[in-house]
Every structure is written in C-alpha cells, then in structure tokens.
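Convert by adding 2 to the 1-based position in the sequence shown; the result is the number in my numbering.
No residue lacks a Cβ here, since even glycine has one placed at the ideal position from N, Cα and C.
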Amino acid sequence: PGAMGQPYWPLVAIHDRQRVVGSCGGGGWVGIGSWPQPRHHQQVSRWGINCCEFLRLHTTAGLPLSLDVYNPSEFLLPNPSHHDDWLDLESDSAFQAALPRFEAIWTQIAARFADYDDRLAFEVYNEPHVMSVDSLNAMNAAVHTIVRANNPDRTIILGGLQWMDYRWIAYYPNGMTVDFTKADGSKDTNLMVEIHNYDPSDFTWNAGQTSWGTDSDYEAMEYIFSFMSGWSQDHGNINVVLGEFGCVIEQENTEARQAWFDAMFAYALQYDVAAVIWAEDYDYNVYDEATGKFDPQVIAAMPDYN
C-alpha cells in the first residue's frame, strides 16, 4: 500500500531496449533489449502514474526507447506469472470492465511524452496470450486512438497473441487488425508488429539440446523471417521487429551458439526485420555490468550497418 493505506500497483515500466549502431530496415533498430538492472518500474495508483522517474531514464545515451505497459504480476509475484494479469483475461466481459483503467494509463503516458522525439516508440502491450482476438483488437484500437490524439506520428508497436509468437500470426494471418487510419483519414504508416522467438528453445535455453547448425536448422530459422516478410507485404508493408531473441550464456557449445547468432542477424538483415536481442538477467548477460563488456559472440554476429 501507498501513503495512508492507498492501494498502489506496479503497472508501468520502461522496457529499456537500446538500439545500437546503424540501420537495419524495419524501422532501423538493431541492438540489445533488457530491463535495466535493477528493474525500474513505477509504483503507481490504480488509475494514475507518476512519470517523474521516467525522466531519469531518458539520459541513457540518447538512445531509442520502447515504452510499454507490462503485466503487474511480473512485479507482484515472487515467481512471475502472466496468468495473474488484470487485463489479459479470457473473458471478453471481464476485459471490457478492465479496459478503462488501461486507457487511463495510456492517456497519461501519451500526454506526458507527446513532445518527445521519434526515438521513443510506444508498445501497446507485452506478450498477450490469454485474451481473445476481439479483446486484442479492441485494446490496440483503444490505445491507437489515445496515442494519435497527441502523438500523430509516434511509432506504435502491436503484438499478436501466444506470447507474440510468429506462429500465432501464421495460424491467424488476418486475426490482428493492423490497418489503422489517422484522424485525417490517411493510412497510418507509423506502425510496427513485434514478434518474439527463441527457436529452438531446447538449445537457446540450454534445456538439453547442445548442437545447432544443420541444414534443417537453418531452413527452420529462415522460415520465420521469410514468412514475416511475406506477411508484411500482404498487410501494407507494415514494419516487423523481432523484439526478443537470444541464447543463454550457459549454452556450452559456443561454436553452435555463435552460428545461431550469426544466422539470426543475417536473416534479419536479409528480410528487412529489425532485430533486438533480449538481455534480461544473468542467463543472457549480453552486457556484463561488472566488467563493462558486451558478449563477444553477440558483437561478432552483428553486421556492419555503416
């Protein structure tokens, strides 16, 4: 509880996705994604937010940021569980009852950051996976309307269900509405669709698979990018961002790990998909704060975008 017993909820967080070096189509973002250490999140009231702490994070080398609203359960529970969410709900009626609260939060965010430059993007919601397609589209439409009222050209990032897995888009290619218009009736082109991928997870999460690099491995990886490229072309050439990918440092087959990173970056560049490595916690540890050094395998894999 907050002061005088008022309920406070950790609802809003900065997802500090620092895009470093050059350009890679798809919005020109390439780099490293992680929560800052420790996680900077706001203890906020049920309907309100305090943006003062956000200003302190704006000094991160002037690099682009993606700001989104995260599941409160990630901060409320000892073992984070998206299933305890207050908005990502299976029931459409329960979702509709919760939506005004979400709209109130985004109304304040949009107003507070309206004058920030185009290095700031708004991601509507991270990894929805319980709500229905109708609820997903209602949520995205509501936030789009709110943001465009005072951020007419701000990049808005949308994500599909099933934890933003590209397979959901493959199963339901027209399920998520991505065709939005601005107030003047023109097509809104400042939109992106985000996917997350850690295939094959038994390898990238060091869960029993110790090799990667067969012809079929490369084919399976390339399919992710080729599919999303084709899907993008079928949906108005909307930009695609691979907003999470990575391989844990516990994977001892460093040769295969290097090959995996090399291929991910190469296919992202080939198919014009923005690529953002996930660097949260010590399992990925792309940037080691103790030594001030980056994972050499990640750096070696990043193409020269100059």
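| Item | Value |
| --- | --- |
| Helix, strand or coil: which one does DSSP assign to N310? | An answer regarding residue 310 cannot be provided, because it is not within the stretch 3 to 308 covered by the chain. |
| Give me whichever residues DSSP pairs with M194 in a beta bridge. | I159 and N241 |
| Rank I148, S213, V242 and Q164 by C-alpha distance to the C-alpha of L193 and give the top, closest one. | V242 |
| Three Cβ pairs or more, each shorter than 8 Å: is that satisfied between the segment 206-214 and the segment 167-180? | no |
| Assign P298 to one of three DSSP states: helix, strand, or coil. | helix |
| Taking I148 as part of the alpha helix (DSSP H), name the residues at either end of that continuous run. | V135 to N152 |
| Tell whether a beta-carbon distance below 9 Å holds between I279 and G238. | no |
| Can you tell me the Cα-Cα spacing of D285 and V250, whole angstroms? | 5 Å |
| Starting from I279, trace the beta strand (DSSP E) in both directions and tell me its first and last residue. | A276 to W280 |
| Any idea if V14 is buried or exposed, counting beta-carbon neighbours within 10 angstroms, 16 or more meaning buried? | Since pLDDT at V14 reaches only 28, below the 50 mark, its modelled position is unreliable, and the value read off the structure follows with that caveat. It is buried - the Cβ of V14 has at least 16 other Cβ atoms within 10 Å. |
| Does the distance from the C-beta atom of Q164 to that of F227 stay below 9 Å? | no |
| Between H245 and E196, how many whole angstroms is the CB-CB distance? I'm expecting something under 8 Å. | The displayed chain sequence assigns Gly, not His, to residue 245. The pair is a contact, with the Cβ atoms about 4 Å apart (cut-off 8 Å). |
| Whole angstroms is fine: what's the gap from Q110's alpha carbon to P102's? | 13 Å |
| By the three-class DSSP mapping on this structure, what secondary structure does D219 have? | helix |
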